[in-house]
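From first to last, the protein sequence lines are chains Y and P.
If you use my numbering, the first sequence closes out at 371, no skipped numbers anywhere.
If you use my numbering, the second sequence closes out at 266, no skipped numbers anywhere.
Don't be surprised by glycine CBs; every beta carbon is placed ideally from N, CA and C.
One structure below.
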Amino acid sequence: MTGIVVEGLSKQYRRVRRAPGWRGQLAALLRPQVEWVRAIEDLNFQVPPGSRMAYLGPNGAGKSTTLKILSGVMRPSSGRVMVNGRVPYEQRIAHAQHIGVVFGQRSQLWWDLPVADSFAILRQIYQVPRPVFEKNLQRFRSLLAMDEIERVPVRQLSLGQRMRAEIAAAFVHDPQVVFLDEPTMGLDARLKQAIRGFIRAVHAERGCSLLLTSHDMDDVQAVCDQAILIDRARLAYQGPLAGLGQQTLPRSVSFSYRATQAAALAVAALPQLPGVCAVEGEAARLRLHYQPQALGLAALTAHLFRHFEITDFSVQEPDLDAVLRALYASP
Amino acid sequence: MTRYTALILASLRARLAYRSAFGLALLGAAVSLAAQWFLWRAIFADQPERPLAGFSLAQIGSYLLLAQAVAPFVDNRLEHDIAADVLRGDIVVALLRPQHYTLQRACTALGTALAHALGVALPLLLGSLFWLSLPWPGAAQAALFVLSLGLATGVALALNTLLGAAALLTTNIWGLQTLKTALLGIFSGQLIPLSFFSPGWQQLLDWLPFKALVHTPCVIGLGLAQGAAAARLLGQQLLWLGLLALLCAWVWRRAGARLEVAGG
């Protein structure tokens, strides 16, 4: 069985509750109050090999916990996980050979050594044959403009330079599955684009599976075509990225029209049209929100062109940020 | 195998990147050595010719010097590194690599020890040999010393890895470390040769692993234990190394299941 299979996955953490201040500290020292926190609960999903999967959810939904279990660093409380035929936390070392991981906040490079040396050490740790290693490095140099940083010790790199090196480091051993946890956090627009381009290019060449976690929806849209959404420790959606929330969330169109008597009557009648949920705007320019499952875009457009002399017309694509905001907020 | 030697070299080179640190560390070691030497000279002041507990003043000097050379291999701060890894959650990076965690840590500690040995202990040792014109050891004696030093290093790594496992239970092992440093200072032979203890204590220390760390390599390096006595000491070191390594493997296998990785 290849790809990623997650069945009934749950994880609870033990956490000591402590009231603030010295009294709370003392109380916790004498009699710690332990509570169990559910990070993920009964999660089921599959990621076919070669996928470009986004793993989405609000802060604290359990994304990092899932990634830690999938990368073999942590054991689940219950449930079963298989990644390319291995149980990650039971065969951690064999598993680690075939995965690449970027945890945005943590460095896997050697702080005091030049970037090139870190890569040479990784080559030995993963036992990458020298020709493969040289070829990969050559490719990374051209994709990420790494020439300028290779001789610089990691501690003297800027965040953007270091992140480029971190991402390349996760791919140096030709992993079958790559987990990317916030790979562009804190980077400027140009660098974000370079990193997205790099991930896309390497995926196209190698066909590895990608599992990307990010709060930057441009990252997600540039890299992924599938999505898993978890919310409050549970699975909320799995399917094509484009399908995320689009059946349920209102969409909108904007248009300008020649103000005539007929148009004024048509505006007054608009709220009665089934599927229309809100009309906003002033004279001669309107924005209309509608439910896509009750009213198709084609029917709505036909209706508007029949009743108005349209001078300008635009359809607002639902943007992923807005979709997620709405999904995270819904009870 | 090269998977791990790469880590030793990486750690060695990372340490050597800070040149000025070595100058200061060398100075520190020299000052500490001088202080101990003058203390012992005062102790021997009344009877410069008569040996104390089997040591002449000159032999004490050589012992202190060797103990200083052994120190970097024994004070590897491995348990501190493990605790810091657990506390800050950096252990996750080590666990993402296709290597055993404890061996990764041991290799890194070994690299640090080698850097200190090359940058501090070796210059100190050579400098003293020339400057104080101490007798050079014979080839066989030097070889036995290196063998014993290797075993002492192994015992220290195993002992500290075992202590590091405590970090998984309590997260912070500061108290445990303080206790260890105190015990080691007295019982390993770092502060004074173990022959200064009363016979009862010596009997007890013979059964504990601490003397395998400093006492054994120093005594063998000085030629105070030769032939069968040296073989017995080396055998004890080997036995402790095996025992502690097995215990380590057992404890860490159980500890692994308890591990929670801190931080998002």
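The DSSP-derived three-state label of Y/THR253 is strand.
The beta carbon of Y/ALA134 lies closer than 7 Å to those of ARG126 in the same chain, with the five residues before and after it left out. Here Y/LYS108 is buried, its C-beta having at least 16 other C-beta atoms within 10 Å. For P/ARG255, there are no neighbours in chain Y by C-beta distance under 7 Å, as the nearest C-beta there is about 12 Å away.
Along the region 108 to 123 of chain P, none of the residues has a CB nearer than 9 Å to a CB of chain Y. For P/THR4, the C-beta contacts it makes with chain Y under 7 Å involve GLN164, in order along the chain.
Within the same chain, Cβ atoms closer than 6 Å to the Cβ of P/GLY113 are found at ILE10, SER13, LEU14, the five residues on either side in sequence being excluded. The beta carbon of Y/ASP152 sits closer than 7 Å to those of PRO193, ARG195, all from its chain and outside the five residues before and after it, given in chain order.
Close CB contacts of Y/GLY64 within its chain, under the 6 Å cut and outside five residues either way in sequence, are with ARG58 (chain order).
Across the region 228 to 241 of chain Y, no CB contact with chain P closer than 9 Å is found for any residue.
Between Y/ARG240 and Y/VAL316, the alpha-carbon positions lie close to 39 Å from each other. Around the beta carbon of Y/TYR129, 16 or more other beta carbons lie within 10 angstroms, which makes this residue buried. In chain order, GLN70, VAL122, LEU126 place their CB closer than 7 Å to the CB of P/ALA31, counting only its own chain and leaving out the 5 sequence neighbours on each side.
Short of 7 Å from the beta carbon of P/LEU243, and not among the five residues preceding or following it, lie these beta carbons of its own chain, in chain order: LEU153, GLY156, VAL157, ALA160.
Y/PRO193 has Y/PRO154 as its beta-bridge partners, per DSSP. Between the C-alpha atoms of P/THR110 and Y/ARG163 there is a straight-line separation of about 17 Å. Along the region 9 to 21 of chain P, going in chain order, the ones with a CB nearer than 7 Å to a CB of chain Y are ALA12, ARG15, ALA16, ALA19.
Counting only residues of its own chain and dropping the five nearest sequence neighbours on each side, Y/GLN52 has a CB closer than 6 Å to the CB of TRP76, ARG78, SER117.
Measuring C-alpha to C-alpha distances from P/ARG99 to each of Y/VAL123, Y/THR224, Y/VAL113 identifies Y/VAL113 as the nearest. Looking only at P/TRP252, P/GLY63, P/LEU35, the smallest Cα-Cα distance to P/ALA167 is reached by P/TRP252.
At a cut-off of 9 Å between beta-carbon atoms, P/GLY91 makes contact with chain Y. Judged by their CB atoms, Y/VAL121 and Y/VAL46 are nearer to each other than the 9 Å cut-off.
Straight-line measurement puts the Cα of P/LEU128 at about 19 Å from the Cα of P/ALA37. One alpha carbon belongs to Y/VAL168, the other to Y/LEU177, and they sit about 12 Å apart.
C-alpha of Y/THR224 to C-alpha of Y/LEU364: approximately 19 Å in a straight line.
Contact between the region 268 to 275 of chain Y and the region 94 to 105 of chain Y is established, with three or more Cβ pairs separated by less than 8 Å. Residue environment for Y/PHE219: buried (at least 16 other C-beta atoms within 10 angstroms of its C-beta). In this structure, the straight-line span from the alpha carbon of P/LEU249 to that of P/VAL88 is close to 20 Å.
Distance from the Cα of P/ASP77 is smallest, within the candidate group P/PHE198, P/TYR65, P/LEU185, P/PHE57, for P/LEU185. The residues TYR6, LEU9, ALA96, ARG99, in chain order, have a CB closer than 8 Å to that of P/GLN106 in the same chain once the five nearest residues on each side in sequence are set aside. Not a single CB atom of chain Y sits nearer than 9 Å to the CB of P/ARG79. In this structure, the straight-line span from the alpha carbon of Y/PRO98 to that of Y/TYR368 is close to 7 Å. In the three-state scheme derived from DSSP, where H, G and I count as helix and E and B as strand, Y/GLN178 is classed as helix. In the structure shown, P/ASN162 falls within a helical segment according to DSSP collapsed to helix, strand and coil.
Counting along the chain, Y/LEU275 sits inside the beta strand (DSSP E) bounded by residues 274 to 280.
Annotation for Y/TYR166: no beta strand (DSSP E) segment contains it, and DSSP assigns it neither H nor E.
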